[in-house]
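The block underneath contains the structure these notes are about, expressed in structure tokens.
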Amino acid sequence: MKTISSLSKSCVMLVLVCASLSACQTKLSQPTVSLARQTSYGDNKAVETVTNEFGSTDLQMIAEKMVGSLLEDPVLANRPTMTLAGVRNKTSEYIDTKSIMNSIQTALVKSRKVKFTRSADEMQQGVDELQRQNQSGLYKAQGKAKIGNMTAAKYSLEGEIVSIVKQSANTKDVFYKMTLKLYDVEDGSIEWQDEKEIRKTSKR
């Protein structure tokens with residue numbers, strides 16, 4: 145009887161130890177929540193006025209102006225092929241010009257009035273995929289993308305953004321100008337061009 149009683153006590157102790165370990169593990173694995181900051185979603189189209197540096201509202205204004213102007217131009221009448229070139233940043237601050245061009249490209253693609261070919265910095269991925277399909281020996285002949293059938297771009301979309309900054313003791317004025325040009329790749333002529341100007345002033 146004493147043996148059974150001792151065995152029962154040992155089993156109870158073992159269960160308590162396992163439960164305790166399990167509770168510790170559960171407690172340690174739970175993520176900690178910091179209440180130092182509160183996060184909320186805002187309107188992505190709302191005017192951003194945190195600083196007078198280049199921001200999301202400026203990007204949206206430029207993209208909307210350029211896309212609207214291009215879609216009204218007869219140069220897109222026959223759904224030509226186009227490629228994105230670089231935008232030179234001549235301002236004194238960092239601006240993600242690629243993001244501006246991506247927004248413009250997205251709107252133009254969705255309009256179905258223009259077709260985009262790979263840009264220079266996207267070309268290597270296309271070349272790698274063609275080589276993988278044609279040189280790896282892994283694919284059936286039927287259905288493989290053939291080398292030499294890429295469509296060349298008729299137009300190249302490129303431009304620049306500049307800024308002029310004036311500052312006094314209490315006021316800072318920043319003027320941005322984005323110029324975008326559509327070049328005919330073959331003869332180098334400018335087939336379309338437009339500008340968007342933005343002025344931002346902040347006071348203490």
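Under my numbering, the first residue of the sequence shown is numbered 145, with each subsequent residue one higher. Each residue gets a CB set at the ideal place from its N, CA and C atoms; glycine is no exception.
Query: Look at the Cβ atom of Val-258, then the Cβ atom of Arg-223, and state whether they are nearer than 8 Å.; Result: yes
Query: Taking its Cβ as the centre, do 16 or more other Cβ atoms sit within 10 Å of Leu-334, making it buried, or is it exposed?; Result: Correcting the residue identity first, residue 334 is Ile in this sequence and not Leu. Exposed, by the Cβ-count rule.
Query: So, with DSSP's three-state summary, where would you put Met-322?; Result: strand
Query: Using a Cβ-Cβ cutoff of less than 6 Å, which residues in the same chain neighbour Thr-315 once the five nearest sequence positions on both sides are dropped?; Result: Lys-347
Query: Hey, how far is the Cα of Ser-280 from the Cα of Pro-218?; Result: 44 Å
Query: The alpha helix (DSSP H) spanning Thr-201 covers which residue range?; Result: 200 to 216
Query: Just the C-alpha distance for Thr-250 and Glu-304, rounded to the nearest angstrom, thanks.; Result: 19 Å
Query: Please state whether the Cβ-Cβ distance between Ser-243 and Leu-215 is less than 8 Å.; Result: no
Query: At the level of alpha carbons, what is the spacing between Met-226 and Val-271?; Result: 18 Å
Query: How is Lys-354 classed by DSSP in three states: helix, strand or coil?; Result: One cannot answer for residue 354 here, as it falls past the ends of the chain, which runs 145 to 348.
Query: Among Thr-345, Met-267, Ile-248 and Met-210, which residue has its Cα nearest to the Cα of Ala-297?; Result: Met-267
Query: If you count every other CB in all the chains shown that lies within 10 Å of the CB of Asp-265, and 16 or more means buried, which is it?; Result: exposed
Query: So which of Ala-221, Val-211, Glu-237 and Ser-213 has the shortest CA-CA distance to Tyr-320?; Result: Glu-237
Query: With 16 other CB atoms within 10 Å as the buried threshold, where does Ile-291 fall?; Result: exposed
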